[in-house]
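K.L.:
I am attaching a structure below and will ask some questions about it afterwards.
Residue numbers (this note's numbering): 71 to 160.
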């Protein structure tokens, strides 16, 4: 690829963007998508925790509370940190 071809392609793309009237999404719209995906991850994680409890329920020293705290608590903490950092950048 030649430099002139690359410059021509870049100029074409920039001209197209100058002609388009697009809306830049707000932080709220972006965060809504991210947190929607996080909810899906949390639901899957909760399902796996419940299945783990059923699979290991006959183990005498299974720690139910520790499992919930370590898995869901850590995710909630990192989600909260992520949320606070993004709110401060607004």
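Just so you know, even glycine gets a beta-carbon here, dropped at the ideal spot from N, CA and C.
Considering just the uninterrupted stretch of the alpha helix (DSSP H) at residue 154, what are its terminal residues?
P.N.:
Here residue 154 refers to the residue found at position 84 of the chain shown. Run containing residue 154: 144 to 158, per the alpha helix (DSSP H) assignment.
K.L.:
According to DSSP, is residue 131 part of a helix, a strand, or is it coil?
P.N.:
The residue labelled residue 131 in the question sits at position 61 within the chain shown. Here residue 131 sits in coil by DSSP.
K.L.:
From residue 127 to residue 94, what distance separates their C-alpha atoms?
P.N.:
As a position in the chain shown, residue 127 is number 57, starting the count at 1. As a position in the chain shown, residue 94 is number 24, starting the count at 1. Approximately 50 Å, taken between the alpha carbons.
K.L.:
Suppose only complete runs of 3+ residues qualify. What are the beta strand (DSSP E) ranges in the segment 75 to 146, listed by chain order?
P.N.:
Fully enclosed beta strand (DSSP E) runs of no fewer than 3 residues are not present anywhere in the segment 75 to 146.
K.L.:
Just to confirm, is the Cβ distance from residue 141 to residue 158 under 7 Å?
P.N.:
Taking the first residue of the chain shown as position 1, residue 141 is located at position 71. Taking the first residue of the chain shown as position 1, residue 158 is located at position 88. In this structure, residue 158 does not lie closer than 7 Å to residue 141 by Cβ.
K.L.:
Look at the Cβ atom of residue 149, then the Cβ atom of residue 108, and state whether they are nearer than 7 Å.
P.N.:
Taking the first residue of the chain shown as 1, we reach residue 149 at position 79. Taking the first residue of the chain shown as 1, we reach residue 108 at position 38. In this structure, residue 108 lies closer than 7 Å to residue 149 by Cβ.
K.L.:
List the whole-angstrom C-beta distance separating residue 134 from residue 123, where the pair is believed to meet the contact cut-off of C-beta under 8 Å.
P.N.:
Within the chain shown, residue 134 is the residue found at index 64, counting from 1. Within the chain shown, residue 123 is the residue found at index 53, counting from 1. Right, the Cβ-Cβ distance comes to about 6 Å (below 8 Å), so this counts as a contact.
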